[in-house]
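Participant:
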Amino acid sequence: MEGLSPLYRRVAGIDVHKMLHVVTAVIEHPDGTIEQQSRQFGGFKRDCHALTSWLLDLNVELVVMESTGIYWKSIYAHLERAGIQAWVVNALKGGTIATRPIVAL
Numbered sequence: 001m002e003g004l005s006p007l008y009r010r011v012a013g014i015d016v017h018k019m020l021h022v023v024t025a026v027i028e029h030p031d032g033t034i035e036q037q038s039r040q041f042g043g044f045k046r047d048c049h050a051l052t053s054w055l056l057d058l059n060v061e062l063v064v065m066e067s068t069g070i071y072w073k074s075i076y077a078h079l080e081r082a083g084i085q086a087w088v089v090n091a092l093k094g095g096t097i098a099t100r101p102i103v104a105l
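As structure tokens, this is what we get:
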């Protein structure tokens with residue numbers, strides 16, 4: 001799509017589970033190169049702190065999460081407190097994105 005420029009150049013996606021969070025960060029550098037890093041974190045409070053710290057170190061601007069049930073809430077709270085914009089994607093609705101968290105059962 002020629003002529004379009006990205007809205008965000010430092011983003012991350014999180015697949016949220018009860019005791020495992022799989023995170024991939026995608027960073028576009030000023031020279032146009034793309035860097036991708038992936039990590040896994042546990043589901044405890046200390047793990048949410050570590051996840052948030054890692055994203056802050058990478059200067060991530062936006063995080064998009066897909067979650068089963070309510071497991072996104074703790075991570076969302078950590079990200080919000082850290083000033084990182086976070087969206088919850090409803091996989092059941094074909095990737096609908098909200099600026100505030102949503103859950104559909």
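Per the UniProt record's numbering, the very first residue in the sequence shown carries number 1; after that it's consecutive. Note that the Cβ used here is the ideal one computed from N, Cα and C, for glycine as well. In this text the structure is predicted, and so the values were computed from the model without any measurement.
Judging by CA-CA distance, which residue of L4, D47 and V26 is the nearest neighbour of residue 177?
Facilitator: The structure shown does not extend to residue 177, since the chain spans only 1 to 105, so no value can be given for it.
Participant: Of the residues I84, K18 and Y71, which one's Cα is nearest the Cα of L58?
Facilitator: When only C-alpha atoms are compared, the closest one is I84.
Participant: What would DSSP say about R100, mapped onto helix, strand or coil?
Facilitator: The predicted position of R100 is uncertain, since its pLDDT is 48 and thus under 50; no value can be drawn from it.
Participant: CB-CB under 6 Å to D47, same chain, minus the five flanking residues each way: which ones, in chain order?
Facilitator: For D47, where only same-chain residues beyond five positions count, the Cβ hits under 6 Å are F41.
Participant: Starting from L20, follow its DSSP beta bridges and name the residues at the other end.
Facilitator: G42, per the DSSP bridge assignment.
Participant: Within 10 angstroms of its Cβ, does M19 collect 16 or more other Cβ (buried), or is it exposed?
Facilitator: Exposed, by the Cβ-count rule.
Participant: By how many angstroms is the C-alpha of E35 removed from the C-alpha of E80?
Facilitator: C-alpha separation (whole angstroms): 24 Å.
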